[in-house]
Amino acid sequence: MQENFEIDAVGRVDAGKGASRRLRRQGLVPGIIYGGDAAPEMFAVKHNHLMHHLDNEAFYSHVLTVKVDGKPQQVILRDLQRHPAKPILLHVDLQRVSASEKLRMNVPLHFAGEEQAPGVKAGGEISHHVTELEILCLAKDLPEFIEVDASGLEIGAMLHLSDVALPAGVELTVPLDEEHNQPVISIHASRVGEEPDEGGEAGTEAEGGGEEEG
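Take the position in the sequence shown, starting the count at 1, then add 350; the result is the number in our numbering.
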């Protein structure tokens, strides 16, 4: 079941660094909404309210409802500025959503079936080469995440972009040719204990070579 995110905000008129600093001292985060047929609109949202939403992974790849002075709009999160040294949000950018225009979004990958994979049961190790995908889709088709089924992977096997099952209405922003069809997940033999120690000088050299590669 999809999450429903609502951001309660208030409109603001004053712009500039001074105005933004005053808002932050009041525990508010300045922001702007742009896109669509309407003019850009400045707003402010409670810092703690926004931080609470940001703890949820789905917030970053979801159509959100922002209520500025009680008026709802459908938006997506486009940019978030954080303080470089403190857990403080400095500014947030939201983009209006159109039901008829496709969105370009980064969506996280969730990997399923890893513990059941034959390669893992045989002692193999998993490598995640990609953790999110850039996709195109209408707002109604936007997934919170895309699941990758790794349950059938053996040692030495891998899944590529072309192996990922995309939800209906969702497409990748890159062509699935040889150049862009990169690996997403793979299982490789464990390096620890990969070669038996036969003792003597040869075994010691083999172990030393493994340490340098790691």
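We treat Cβ as the ideally placed atom computed from N, Cα and C, and that holds for glycine.
Residue environment analysis places proline 493 among the buried positions, since at least 16 neighbouring C-beta atoms fall within 10 angstroms of its C-beta.
In this model, arginine 374 and glutamate 356 are separated by some 21 Å (Cα to Cα). Counting only the Cα atoms, proline 533 lies some 10 Å from valine 514.
Between the region 499-508 and the region 455-469, the count of C-beta pairs closer than 8 Å reaches three or more; the two stretches touch.
The three-state secondary structure of valine 514, taken from DSSP, is coil. Proximity to glycine 361 across Pro434, Pro422 and Val480 peaks at Pro422, based on C-alpha coordinates.
Nearest Cα to methionine 392 within the set Thr415, His412 and Leu444: Leu444.
Ranked by Cα distance from leucine 526, the first of Ile537, Gly519 and Leu511 is Leu511.
When secondary structure is reduced to three states using DSSP, valine 470 falls in the helix class. Counting other Cβ atoms within 10 Å of its Cβ, methionine 401 stays below 16 and is therefore classed as exposed. Contact check for valine 425 and arginine 446: beta-carbon distance about 6 Å, within the 8 Å limit, so the pair qualifies. One thing to note: valine 413 has its Cβ no nearer than 9 Å to the Cβ of aspartate 429. In this structure histidine 478 is in contact with isoleucine 535, their Cβ atoms being roughly 6 Å apart against a cut-off of 8 Å.
Going by beta carbons, leucine 486 and leucine 427 fall outside the 9 Å limit. Cα atoms of arginine 432 and alanine 489: separation of roughly 27 Å, rounded to the nearest angstrom.
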